[in-house]
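Working notes, structure below.
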Amino acid sequence: MTRQKKVGPANATGQIIVRMYRALGAQGREYAGYLGDCFLIRVLDGDKPPAHILIDFGILMGSAQAEERMRQIATDIVKTTGGTFAADGSVVKKGSLDLLVITHEHWDHISGFSQAQDIIFGGLTINKLWMAWTEDDNDDFANQLRQDRDKRGVALAALSEIIQRAAESPTPSPFAADRQVALSGLDAFLGPLVASSGAEPASSALAAAQVKAKRLKGRDIMEKVKAEALSKEFLSPGQVVAAPGTLKAFVLGPPRKWDRLKKDKPSSGPAKETYLDNRAFEDILFRLVDGEPHDPDNDLPFASRSHRIRTDQVRAADNASSAIDVCTDNGVLRWLNEHYCSGTDRDGRDQSRRTIDSDWLGAAGPLALQLDSDTNNTSLVLAFELPDGTFMLFPGDAQVGNWLSWHDQNYKDETRELSATQILGRVRFYKVGHHGSDNATIKEKGLDLMTHRELVAAISTDEAFGKQQGAKGWQMPNPLLKEAILAATKGRTFRNDDALNADYTPFKQSLNSTDLYLEYTVI
Amino acid sequence: MTDIQQLVPRVPKPPMRRLRVYAFDPQSSVELKTAVINDTVIELPWETRWEDQLEPGPINDYLEVIDYDPSSDLFYAPVDLNAPFLLAQDGLPPSEGCPQFHQQMVFAVAMRTIRNFERALGRVVLWAGDRNASQDTPDRSFTRRLRIYPHGLREKNAYYSPSKRALLFGYFKHPEGDTASSSWVFTCLSQDIVAHETTHAILHGMQQRSIESSNLDSLAFHEAFADIIALLQHFSLTNVVRHQLAQSKGSLREPGLLNGLALQFGHATGRRGALRYALQYLGAPVKSAGATSLADAKCDGEIKPPKKLSETFEAHARGGFLVAAIFDAFVTIYEHRTADLFRLARSSTAPDQDYLSAELVDRLAAEAGRAADQVLRMCVRALDYTPPVDLHFGEYLRAIITADTDLVTNDPMRYRIAFVEAFRKRGITVPGCISMAPDSLLWDEPDLSETPEFGVAGGNPEEGLSNVFSELLASLKLSISLGPMHASSVHGASGGGRRNLREAAVGVIQRNQLLIHEWFKEDSAFDEGWEKLVGMRLLAFDDPRRKAPLTNVPTLWTGKANENGEYSKVPKFEVHSARIARRAGPEGQETHQLIIQMTQKRRGYDDPIDQEKADAGNPDLLARDPDFWFRGGATIHIDLRDGKLIRIIRKNVCDDKRLAAQRDFRTGKISGQAIGSRASANLEPFAFLHRSQE
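In the order they appear, the protein sequences are chains Y and C. When you line the first sequence up against my numbering, it's residues 1 to 523, in that order. When you line the second sequence up against my numbering, it's residues 1001 to 1694, in that order.
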C-alpha cells in the first residue's frame, strides 16, 4: 500500500527549515557529535525575504576545538542570513537576524557569543532578542533568583578552579581532588570565571582573594547580547507573541512559581525537596568566595579550643618511631603524624592510599547538581505555531517543574484559547530537552501528549562525550527516554552524533545531513 | 626473692570492657520519653591473650580510629581508653561536644557489630585487601585494620570506602539551627549509621566482588543487609527493648525507635521520623494513577511507597523490600514465640487493664532479644551460602534456608516458613525453583550425572569426586599451627613473642588459597568434569580435550615448559577465600565446614556483536580493554567432618543469558540508569549511592 506523499498547500506557500548545527568539519576530529544547542530556523515564503530565527549558540565547555567549531558556525550563520565576507575574512555586508532567542544562561547555550564574538556581533544585525522573564533586570523576583544563582555559580566555578590548581600543586591541600568526581563535571555548564572589574591583577597569591572580584563569563555574555540587540523582550508564560515569518510563539515557560522552579526531579522519597541544603558545607564555600577568613564559632563543630589541632602542626611534627605518649602535647602531634601522615605503618605496610584529604569535596556534587537544575529550569520554552496550525517545540533545558507548569495556564490569542495539552498534541517538531537527559522530558504530561502523526525529534548531543563527563558519566540521551522518543517519532529522530552516512530514509528526503549541520524541512 | 612475687595479689583481667554510648543518637537524649534509656553501655570482651592491646585512638586488632577533619583542616587528639580515670567510669560520658567521646562510641558500636558477625560466622572477621597494592604485599588480600574517620566529611552522608578500607562519617548543621536540640548533627553518633557502615566493610571483606554492581539487586543487597544488622542489633539493648515494648503494648509493628533507623538524621533531613523504617513498604500499597517511568512527577512530594519490587530501581528503595521481608519474618517469629505469653497474661488480668505487667514486658523483651539474635545469625550465616558474584534477592533466600537447614535439620519453630512467606509477600521471587516450599529452596547437591568421569577414581562418581578432592584436602592446613612462635609470626612483626591469632588465621587462609589455586590450575584428568561442576574454565588453551572455544577469559602462563620451551596457557581465576567455619546450633549441633570461593572474569562488551567477535577471538577487540568484566564463580562447601564436597553454588562464566542481562543492566535498559563507564565511578560506590539519594 502506498501512502499519498504530502505535497500540500503548505509547500506552495513556503518552507520552514530547522538547522541544527554540529560542526564536525574542524580538523582532527576528536569528537563524533556536538553537545550544545544551536538552532537556526529559516522561514522561506516565495519572493518575500526569508526570516531567520536563531535559538541559542553554544557548546559544552571542554569540547574539543570548541572555538574553531563555533567560529565556523558563526560564519555560516552570517552567510545564511545574507552577510558576506571579504577574502581576508572581514565582513563586507552584515547578515540580518530577525530574532535571537536565548533560552538560559548555560555555557552550552551561549558560549559562541564569546568564542566567536567578533564574527557574530561584527557580522550580524540582531533585530530582536527574546529572553525569559528571569533575565529581566527590572523584575525583582528575577533579580533575587539571579543573585542567588550567581552566588552559588561563582562559588562552584571558583571551587572548580581551586581544585584544578591544587591538583597541579606539589604541596598537600585539602582541595586536591578529581574535579570530575567532586563536581560531577557540572562546572562545564557554568563556564569560566572572569575578573569583573577589569582592574584585577593577573597573579595573586591567595585563591580566595582572587575569587572575590570574579564573576561568571556567562553573565557577561548575557549582558553583552542584551546590549547588542536592537530591541529586546522578556517573555512570561501564557504570552502569545508574533514571531518573524508569520509564525506565532506561545510562551510555555519558565514558571513564576518558586516550587515549580525548584523542582528538578520527580518526587520519590519523603521530603525530597528539603534534603539538599548543606549549610555547613555552603558556609565554608561562600566564605571562600567572599574571601573571608574562617569563622571558628560558626564553621567548626567543637567549641573548645583545646580540641583544635591544626593540620600544619601535625604535618610538621616528627614521627620518630620511639614509644609515643599521648598524654603530652608533643606526643599527640607525633601520634597523629605517625598514624595519618606517614605513608607506612609500623610494620612498613603502605598506608598512603588511605588518606581522606579530598573526599569531603564530594559534597559539592549535590550542590552543583542543584544549581545546574535551577538554571535549567529558568529555560525559556517556546512553541512556534506554523501556518498549518502545527507546532515546533523548543524547551531549552527545561526540567520537570518547568514542564509541569505549562499546564498551569491556557494560551490565548485574538481568536482562540489553547491548553498546553492541545499545543503538545499538535507538536510536529520537538527539540529534545537538555540533550536527552532523563529529567528534561516528562512522560505523562509531556511526551505522551505529543501524538502528532508526523512528530520528528532532534537531539543535540554527543553521547560518547557525555559518558566521559562526571564520575559516573552522563546519559545523553537516557536510554529509556531514547526508546520512548524513537517510539513516539516512529524512528524519525536525528542526533548531532549521527554518522555522516546515517540512514535517514524514514524522513523521506526532508532531512539534509552535512558535517556542519543537520537540516530538517518541517513543512 | 622469688617468693616475694607471690605476695602481690594477682588481679585477673576483667572479662568485659564497658564503654558508654548513646543507645540511639543524641536526639533521643533530649526527649523526655526516651532520655531515660538513651545512655547505655556496650560491653566488649577484654582483649584476649592472643590479641594486641588496646591503644590510644582507639586502635585494636580490628579497628583504628583516626580523627582527621579535613574540611575544618583540624585533627582531634585520640582518646586513651586505658587511662585510669576512663576505666573507672566506663569511658567518657556521652557528649556531643567532645570529639573523644565520638571516637569512643564509633569504636564501641563498630566492635559490637564485628563481634556479632564473628559469633554467627564461627570465625574471625577480616577486612578486604588493597586491590592497588603491588603483588605479594600482605595488604593485597587483607587489610589489618579498618580505618574509621569519625569526622571525615562535612555533609549529610557517611560511607564505607572500599578503596581506602575506611569508614568516613560526616557531620552537618541542623537545618533548624538553634531551635532544635543542637546545631550540629554527627553521623558517627548514631548507632544505626555506624552499624550500617561497619556491615558494609565486613561484607566487602567476606566477598570482595560483592561491591560490583552487576544487577539491580547487588548494591541493594549491600544496603539492605547493612540496615538489617543495624535494626536487629537494637534488640540486644534489653532495657531499651523493655521500655519500648511497654509503650507499644508488646507490638513490634508500630513505627518507633526499635524498627526505625537513624532518627536524628531523619529529622535533620526533613523527614517526620526516622530515615528509614523497617516496615516502610509493609502497608497497603497506595494506588496512584499509573505514573511510573521517566520523569513523571507527583507535585505534592508525599510519601508514596513503590508498588512493586519490579518497578523499584534505586538501591536503598529496592533494599527496603528485603529489609521489610526479613524484619517481617523476625516479627512473625517473635509473635509466634510470645503468643502463649499473651494468652497466659490475658487470663489473669482484669479485662480493662490497658498496660502490660512488668513481668510480662520482661519476658517479651527477652523473647524479642532471643528472636532477633537468631534471625541475625541466620542472616549472617547465609552469607557463606551465596554465590560469590551477581547475587539476587531470591538467591539470598535460598542461602538463608540452606544455611539454616545445614545447622538445624528440623525446624520446630517454623522459622524457615516465616522467612519464605515474608519474602513471597514482598514479591521477591526465586527463579528456577519449582515451589516456594522450604525444601525446594535448598541449594542442590552437586549433580554428578553429567560428569560420570569421576567414577574412574572410585566406585561411583560421588565416591570418585570425594577421592579426587581428598587429595587437595590432605594438603590444606585446617587450623593454625600451635608450634613454635616463629612459624605464625611471618605476617606480623608486632607480635613481640605473643601469638596473634588473627594474623595466624590470615596466614592459614592465604596458604590455603594458594594451594587451592595451584591444585585447580594443575593439569588433571578431571579438569573437564571440574569445569562443569564449578562453571568456570580450567582446561589449558591448547588442551585437546577442550571442545567449546574459550570464551575470552584472560590467561595465566603456567605449568611446565614442553620440549619447545613453551608454557601452556591456562585461564586465569581467583580463589577469593578459603575459610573454615565452626558453628554451633541451638541444640548443640555443630558444623565444621571449609568454604571456598572462586571467581573468573570474562571480557564483556556493550555491543552484542562485539561480544560475539571477541568470544571468537577477534585480536583487535582482545587488544583493548573490554567495556566491562563479566564474572562467574562458585562457592564450594566441604564438610570437614568427613571431607565430602557437599555443595557447589555457582554462576557460570559461560552463561550468555546472564551476560546479556548484565549488559542490559549496565546500559540502563532495565532501570534507565546506566552504570558509569569511567573507572572512577567504582572507587566509591557507596558514596555515590548515598549521595544520589538526595
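Even glycine gets a Cβ: it sits at the ideal position worked out from N, Cα and C. Fair warning: this is a prediction, and the values are worked out from it, not measured in the lab.
*Check the Cβ-Cβ distances between F1075 (chain C) and every residue of chain Y, and say whether any is below 8 Å.*
For this step, residue 1075 (chain C) is matched to residue 75 along the second sequence. Closer than 8 Å to some Cβ of chain Y, the Cβ of F1075 (chain C) qualifies, so yes.
*Candidates C:Q1247, C:H1316, C:G1632, C:G1604: which alpha carbon is nearest V1389 (chain C)'s?*
Working through the second sequence from its first residue, we reach residue 1389 (chain C) at position 389. Of the listed residues, the one whose Cα sits closest to V1389 (chain C) is C:G1632.
*Shorter than 8 Å from the beta carbon of L480 (chain Y) to some beta carbon of chain C?*
Working through the first sequence from its first residue, we reach residue 480 (chain Y) at position 480. True, the Cβ-Cβ gap to chain C drops below 8 Å.
*How is the beta strand (DSSP E) around A1581 (chain C) delimited, first residue to last?*
The sequence position of residue 1581 (chain C) within the second sequence is 581, counting from 1. Looking at the DSSP string, the run of the beta strand (DSSP E) that includes A1581 (chain C) is 1574-1584.
_Closer than 8 Å to chain B by CB, P1078 (chain C)_ = No chain B appears in this structure, whose protein chains are Y and C.
_Beta carbon proximity, V432 (chain Y) to chain C, threshold 8 Å_ = Mapped onto the first sequence, residue 432 (chain Y) falls at position 432. No, V432 (chain Y) does not count as interfacial toward chain C.
*Proximity winner among Y:G343, Y:Q117, Y:A363, relative to T125 (chain Y) (alpha-carbon distances)*: Your numbering for residue 125 (chain Y) matches position 125 in the first sequence. Looking at the Cα atoms, Y:Q117 is the closest of the given residues.
*Expressed to the nearest angstrom, what Euclidean distance is found between the alpha-carbon atoms of I1303 (chain C) and K263 (chain Y)?*
For this step, residue 1303 (chain C) is matched to residue 303 along the second sequence. For this step, residue 263 (chain Y) is matched to residue 263 along the first sequence. Legend: pLDDT at I1303 (chain C) = 41, less than 50; position of this residue unreliable, value from coordinates given subsequently. Taking the straight line from one Cα to the other gives about 16 Å.
*Return the chain-ordered ranges of every alpha helix (DSSP H) run that is complete within the stretch 371-426 of chain Y and spans a minimum of 4 residues.*
400-405, 420-425
*Do you know whose CA, among C:L1216, C:R1253, C:F1342, lies nearest H1392 (chain C)'s CA?*
For the purposes of this step, residue 1392 (chain C) is taken as residue 392 along the second sequence, with counting starting at 1. If we check each option's Cα against that of H1392 (chain C), C:L1216 comes out closest.
*Can you tell which of Y:G112, Y:K151, Y:Q65 has the C-alpha that lies nearest to the C-alpha of A32 (chain Y)?*
Looking up residue 32 (chain Y) in the first sequence gives position 32. Closest by alpha carbon: Y:Q65.
*Is G1170 (chain C) near A303 (chain Y), with beta carbons less than 8 Å apart?*
Residue mapping note: residue 1170 (chain C) aligns to position 170 of the second sequence, counting from 1. Residue mapping note: residue 303 (chain Y) aligns to position 303 of the first sequence, counting from 1. No, the pair does not count as a contact, with Cβ atoms beyond the cut-off.
*Using the C-alpha atoms, what's the distance from L361 (chain Y) back to F175 (chain Y)?*
What you label residue 175 (chain Y) is simply residue 175 of the first sequence in a count that begins at 1. What you label residue 361 (chain Y) is simply residue 361 of the first sequence in a count that begins at 1. One C-alpha to the other measures close to 7 Å.
*Taking N1082 (chain C) as part of the alpha helix (DSSP H), name the residues at either end of that continuous run.*
Locating residue 1082 (chain C) in the second sequence gives position 82, where the first residue counts as 1. Run containing N1082 (chain C): none; DSSP gives neither H nor E here.
*CA-CA distance, D329 (chain Y) and P1070 (chain C)?*
Walking along the first sequence from the start, residue 329 (chain Y) turns up at place 329. Walking along the second sequence from the start, residue 1070 (chain C) turns up at place 70. Each residue's Cα considered, the two are about 20 Å apart.
*Can you list, in chain order, the residues of its chain whose CB lies under 8 Å from that of L44 (chain Y), leaving out five sequence neighbours each side?*
Along the first sequence, read from residue 1 onward, the residue named residue 44 (chain Y) stands at position 44. Closer than 8 Å at the Cβ level, and outside the excluded window around L44 (chain Y), lie G14, Q15, I16, I17, P50.
_Bridge partners - R1624 (chain C), DSSP secondary structure assignment_ = As a position in the second sequence, residue 1624 (chain C) is number 624, starting the count at 1. Per DSSP, none; premise fails for R1624 (chain C).
*Could you give the distance in angstroms between the alpha-carbon of T1409 (chain C) and the alpha-carbon of M1378 (chain C)?*
Within the second sequence, numbered from 1, the residue matching residue 1409 (chain C) stands at position 409. Within the second sequence, numbered from 1, the residue matching residue 1378 (chain C) stands at position 378. Separation of T1409 (chain C) and M1378 (chain C) (C-alpha to C-alpha, rounded to the nearest whole angstrom) is 13 Å.
*Outcome for C327 (chain Y) when other beta-carbon atoms lying within 10 angstroms are tallied against a minimum of 16*: Your numbering for residue 327 (chain Y) matches position 327 in the first sequence. When all chains shown are included, C327 (chain Y) counts as exposed.
*Can you pull the DSSP bridge partners for Q1600 (chain C)?*
Sequence index remark: in the second sequence, residue 1600 (chain C) carries index 600 (1-based). Answer is C:G1632, bridged to Q1600 (chain C).
*Counting only the same chain and skipping the five closest in sequence on each side, list residues whose C-beta sits under 6 Å from that of R1276 (chain C).*
One-based indexing of the second sequence puts residue 1276 (chain C) at position 276. Excluding positions up to five away in sequence, the list reads L1261.
*Integer Cβ distance of V1534 (chain C) from M1598 (chain C), believed to fall under 8 Å*: Residue mapping note: residue 1534 (chain C) aligns to position 534 of the second sequence, counting from 1. Residue mapping note: residue 1598 (chain C) aligns to position 598 of the second sequence, counting from 1. About 7 Å separates the two Cβ atoms, so the contact holds.
*Is T1332 (chain C) near the ligand COA, judged by its Cβ being under 7 Å from some heavy atom?*
Among the components modelled here there is no ligand, and therefore nothing to report on the ligand COA.
*Report all residues from its chain with a CB closer than 8 Å to the CB of T1179 (chain C); omit the five preceding and five following residues, and keep chain order.*
Residue mapping note: residue 1179 (chain C) aligns to position 179 of the second sequence, counting from 1. Because the pLDDT of T1179 (chain C) is 47, which lies under 50, any placement of that residue in the model is unreliable, and the number read from its coordinates should be weighed accordingly. Cβ within range, chain order: n/a, list empty.
_Interface residues of chain C facing W258 (chain Y) [CB-CB closer than 9 Å]_ = Residue numbering aside, residue 258 (chain Y) sits at position 258 when the first sequence is read from its first letter. For W258 (chain Y), no chain C residue has a C-beta closer than 9 Å to its own C-beta; the minimum C-beta separation is roughly 13 Å.
_On the DSSP letters alone, give me the boundaries of the alpha helix (DSSP H) that N512 (chain Y) sits inside._
Numbered from 1 along the first sequence, position 512 holds the residue referred to as residue 512 (chain Y). Counting along the chain, N512 (chain Y) falls outside any alpha helix (DSSP H), though it belongs to the beta strand (DSSP E) covering 511-513.
*Mind pulling the chain C residues with CB within less than 8 Å of V314 (chain Y)?*
For the purposes of this step, residue 314 (chain Y) is identified with residue 314 of the first sequence, where counting begins at 1. Simply F1075.
_Against chain Y, with Cβ distances strictly below 8 Å, would Y1068 (chain C) count as a contact?_
To locate residue 1068 (chain C), count along the second sequence from 1; it is residue 68. It does: the Cβ of Y1068 (chain C) has a partner Cβ on chain Y nearer than 8 Å.
*Among C:C1188, C:S1072, C:V1375, which one has its Cα closest to the Cα of P1026 (chain C)?*
The residue you call residue 1026 (chain C) lines up with position 26 of the second sequence. Taking only the C-alpha atoms, the option nearest P1026 (chain C) is C:C1188.
*Taking the DSSP output, what are the residues bridged to S1161 (chain C)?*
Position 161 of the second sequence holds residue 1161 (chain C). For S1161 (chain C), which the question treats as bridged, DSSP gives the partners C:A1166.
*Which residue from C:P1150, C:D1130, C:A1634, C:Y1149 puts its Cα closest to that of S1141 (chain C)?*
For the purposes of this step, residue 1141 (chain C) is taken as the residue at position 141 of the second sequence. Of the listed residues, the one whose Cα sits closest to S1141 (chain C) is C:D1130.
*Is P1438 (chain C) near R1416 (chain C), with beta carbons less than 8 Å apart?*
Within the second sequence, numbered from 1, the residue matching residue 1438 (chain C) stands at position 438. Within the second sequence, numbered from 1, the residue matching residue 1416 (chain C) stands at position 416. By the CB criterion at 8 Å, P1438 (chain C) and R1416 (chain C) fall inside the cutoff.
*From what residue to what residue does the alpha helix (DSSP H) around L1360 (chain C) run?*
Position 360 of the second sequence holds residue 1360 (chain C). Looking at the DSSP string, the run of the alpha helix (DSSP H) that includes L1360 (chain C) is 1358-1381.
*In three-state terms, what does DSSP make of L99 (chain Y)?*
Locating residue 99 (chain Y) in the first sequence gives position 99, where the first residue counts as 1. L99 (chain Y) falls in the strand class under three-state DSSP.
_Beta-carbon contacts of W528 (chain Y) that lie in its chain and below 6 Å, excluding the five residues immediately before and after_ = There is simply no residue 528 (chain Y) to check, as chain Y begins at 1 and stops at 523 in what is shown.
*Using a cut-off of 8 Å between C-beta atoms, extract the partners of T1132 (chain C) located in chain Y.*
The count along the second sequence starts at 1 and reaches residue 1132 (chain C) at position 132. Per the sequence presented here, residue 1132 (chain C) reads as Asn, with Thr not at that position. Going along chain Y in sequence order, the residues near N1132 (chain C) (Cβ under 8 Å) are R353.
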